[in-house]
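Residue numbers (the numbering used here): 5 to 388.
Backbone N, C-alpha and C define an ideal beta-carbon position, used for all residues, glycine too.
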Amino acid sequence: MYDKILVRYGELSLKGKNKMTFVRTLARNIKKTCSIDEKDIVVSFDRIYIKYSKDVMDNLQYVFGISSYSGVYVCNSNITDIENTIRKLFNPNSKTFKCISRRSFKNFEMSSIEMNNHFGSFILSNNTNYKVQIKNPDDEFNIEVHKEYTYIFSTKTLGLGGLPVGTAGKVLHLISGGIDSPVAAFEMMKRGVHIEFLSFLTPPHTDQTTMDKVNQIITTLTKYQGASKLYSFNYTDLMNYIGMTSKQGYKIILMRRSFYRIASIIANENNCLGVSNGENLGQVASQTLEAMAVVQTQSTLPVYRPLLTHDKLDIIKKGILINTYNTSIIQASEACELFAPASPATKPSLKIAQYLEEELSNLFALESQGIQENITVSYFKNNS
């Protein structure tokens, strides 16, 4: 069993004078995600050290801001202790190896090159199965010498990279049970954004399966940010009312403009810095540049579309990777699909959209009433 887990920062090393602000947020996120006691985590300028456990190793895969991490053996920074600890990494089934030494403590008696030569010779003389091989060896002996302790390990596990969630503020994300919006939320989290979710449901048109899908997706995504909040808006009356428009091809445009008016109010009331979604350019009729331009005029906050230019196959691959895809493809009754007109407007006019909203004279009043009466708030917490 290893003594510690060594966590490397990656991109955070580029943050200059602000670096430690990001690192402290990363440490807080690790504590929450991995349920670590204060005494079991140590933060330094270029590393975080955590008391080893398999559960912590497993849960670090959900923490943004980590470049890589390793289970490590810890010993005193002297040659004898380092040699004795290296023996723990000997593998009787391996034939080739290399040494990679890093000397943070510059007063150590050997340089990094001298350490590679010395400990490489020690390994050869104490394990006759080994031969040195620089490219693609069976084993690597990584030796990091610090002032008090030396950390020795054989493997690195890649982290998620990105920035720690919470370092870039908070955004309200429009979530559905589809493939794209969960992946878009993940991409926003990766850049340090904490996500709150807004879902528009239209019972009985949208069934319980749809609601369950949204809840399961948010449960999965919550692993990456520790806690989440979902605003579920019962949109049935508004959808039925918009369905009476005199220009049926504009139904989806009018509905999405309504979504952004409502989302802006909720976002502003909850100190969100923007609204985000899973829109992908050209994928459906409402996701043309013209349609997006007409729709987003209703948002009083910036609208972020992290998947705007992504290839659909890449989005699917990411959905599989983050474990939302299998939930997303469960068959259910989605509001937008049920409401879509036979010939939707792909190049809508802002003036026509505004005129149609004037025709629906009670639309804004119904939205205001809905915000007061038709929102249910749910809370999610990571229990991994």
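Buried versus exposed call for residue 6 [16 or more other C-beta atoms within 10 Å across all chains shown]: Label assigned to residue 6: buried.
With 16 other Cβ atoms within 10 Å as the buried cut-off, status of residue 316: When all chains shown are included, residue 316 counts as exposed.
Sequence-distant residues of the same chain with beta carbon closer than 6 Å to residue 171, five excluded per side: Cβ within range, chain order: 26, 29 and 196.
From 365, 12, 381 and 350, residue whose alpha carbon lies closest to that of residue 165: Nearest C-alpha to residue 165: 12.
Buried/exposed call for residue 313, threshold 16 Cβ in 10 Å: It is exposed - the Cβ of residue 313 has fewer than 16 other Cβ atoms within 10 Å.
Residue 86 versus residue 79 - alpha carbon distance: In this model, residue 86 and residue 79 are separated by some 6 Å (Cα to Cα).
Residue environment, residue 263, which counts as buried when at least 16 other CB atoms sit within 10 Å: The residue is buried, with at least 16 neighbouring Cβ atoms inside 10 Å.
The stretch 92-110 contacting the stretch 63-74, beta-carbon criterion three pairs below 8 Å: The stretch 92-110, when compared against the stretch 63-74, does not touch it at the 8 Å Cβ threshold.
Proximity below 8 Å, CB of residue 184 to CB of residue 327: No. Outside cutoff.
Beta-carbon gap between residue 386 and residue 227 smaller than 8 Å: In contact: residue 386 and residue 227 (Cβ atoms closer than 8 Å).
Residues sharing a beta bridge with residue 107, DSSP: Beta-bridge pairing links residue 107 to 149.
Terminal residues of the alpha helix (DSSP H) in which residue 129 lies: For residue 129, the uninterrupted alpha helix (DSSP H) run begins and ends at 116-130, by DSSP.
Same chain only: Cβ atoms within 6 Å of residue 137, ignoring 5 sequence neighbours per side: So the list reads 100, once near-sequence residues are dropped.
Completely contained alpha helix (DSSP H) runs for the stretch 300-349, where each covers 4 or more residues: Entirely contained in the stretch 300-349, the alpha helix (DSSP H) runs reaching 4 residues are, in chain order, 316-325, 329-332 and 339-343.
DSSP state of residue 143 mapped onto helix, strand, coil: Strand.
Residue 353 versus residue 253: straight-line alpha-carbon distance, rounded: Between the C-alpha atoms of residue 353 and residue 253 there is a straight-line separation of about 12 Å.
Cα-Cα separation, residue 320 to residue 282: Answer to the nearest angstrom: the Cα atoms are 12 Å apart.
Segment contact flag, the stretch 199-218 with the stretch 235-255, C-beta cutoff 8 Å, min 3 pairs: As far as the Cβ criterion goes, the stretch 199-218 touches the stretch 235-255, which means the pair count is three or higher.
CB contact flag (residue 292, residue 351, <8 Å): A contact, by the Cβ cut-off of 8 Å.
Buried or exposed by the 16-neighbour rule on C-beta atoms within 10 Å, applied to residue 70: Classification of residue 70: buried, given that the 10 Å Cβ count is 16 or more.
Nearest residue (CA-CA) to residue 189, options 90, 251, 110 and 322: Of the listed residues, the one whose Cα sits closest to residue 189 is 322.
Contact belief for residue 177 with residue 280 at Cβ below 8 Å, rounded distance in angstroms: Their Cβ separation, rounded to whole angstroms, is 5 Å, which keeps residue 177 and residue 280 in contact under 8 Å.
Simplified DSSP assignment, three categories, for residue 187: In the structure shown, the three-state DSSP call for residue 187 is helix.
Per-residue DSSP class, three states only, for residue 400: Residue coverage of the chain in this structure runs from 5 to 388, which leaves residue 400 outside it and unanswerable.
Simplified DSSP state of residue 160, which is helix, strand or coil: In the structure shown, the three-state DSSP call for residue 160 is coil.
3-residue-minimum beta strand (DSSP E) runs that sit fully inside the stretch 214-268, ordered along the chain: Scanning the stretch 214-268 from its first residue to its last, the whole beta strand (DSSP E) runs of 3-plus residues come out as 231-238.
Same chain, Cβ closer than 8 Å to residue 211, five either side skipped, listed in chain order: Only 336 and 337 meet the Cβ criterion.
Proximity to residue 131 [Cα-Cα], best of 93, 58, 110 and 167: Nearest C-alpha to residue 131: 93.
Burial state of residue 249, where buried means 16 or more other Cβ atoms lie within 10 Å: Residue burial is scored here from C-beta neighbours: residue 249 has at least 16 other C-beta atoms within 10 angstroms and is therefore classed as buried.
Rounded separation between residue 255 and residue 224 - CA only: Approximately 32 Å, taken between the alpha carbons.
Inter-residue CB distance, residue 266 and residue 371 (contact presumed, cutoff 8 Å): Right, the Cβ-Cβ distance comes to about 6 Å (below 8 Å), so this counts as a contact.
Short Cβ contact (8 Å threshold) for residue 146 with residue 158: Cβ atoms of residue 146 and residue 158: closer than 8 Å.
Exposure of residue 349, with buried meaning 16 or more beta-carbon neighbours within 10 Å: By the neighbour-count rule (16 or more Cβ atoms within 10 Å), residue 349 is buried.
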